[in-house]
Amino acid sequence: MFGHLCFEVFTHGLLPYSHLELSDADVVAGIFKSAIDLKQENFITNVHFKEIISACVTFNTCQRATISKIKNRLSSLSKECSSGVYGNYPDLQKGLQKPSTAYNLVRTQVL
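Here the working numbering is used: the first residue of the sequence shown is 281, the next is one more, and so on.
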């Protein structure tokens, strides 16, 4: 979940997996089946995507980065980024992508 939050922060609110044109339920099912991966948007740097987002959204919990490792990497990245501006961001009014505010929470029933 933290990796998806980072994705939204780095993209200024773009909903993860919105490029797939799937229902929210199908996205959740695809994630659990490891059938879909999070797309690296062209405005997210490789450092942000590979070292932070991907490290957090790996399906195998044993392979996920620890929160302390992510904290240390975010701290070092903030020191490296002196301008405060990082890349271009999507226009959420155009295209198929949708903002995170358009997400419909999928309810699951526990039997």
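Idealized CB from N, CA, C, for every residue including glycine.
Cβ-based burial, residue i [other Cβ within 10 Å; buried from 16]
{"i": "Thr291", "result": "buried"}
{"i": "Phe312", "result": "exposed"}
Assigned secondary structure, residue i (DSSP; H/G/I helix, E/B strand, else coil)
{"i": "Leu294", "result": "strand"}
{"i": "Gln320", "result": "coil"}
{"i": "Thr341", "result": "helix"}
{"i": "Lys313", "result": "coil"}
Backbone CA spacing between residue i and residue j [nearest angstrom]
{"i": "Ile350", "j": "Ser314", "result": "23 Å"}
{"i": "Asp306", "j": "Leu357", "result": "34 Å"}
{"i": "Gln320", "j": "Cys342", "result": "22 Å"}
{"i": "Phe339", "j": "Ser355", "result": "25 Å"}
Beta-carbon proximity list for residue i, same chain, < 8 Å, skipping 5 on both sides
{"i": "Glu288", "result": "Leu294, Leu295, Pro296, Ser380"}
Close Cβ partners of residue i (< 6 Å) along its chain, the five nearest in sequence each way excluded
{"i": "Gly310", "result": "Ile316"}
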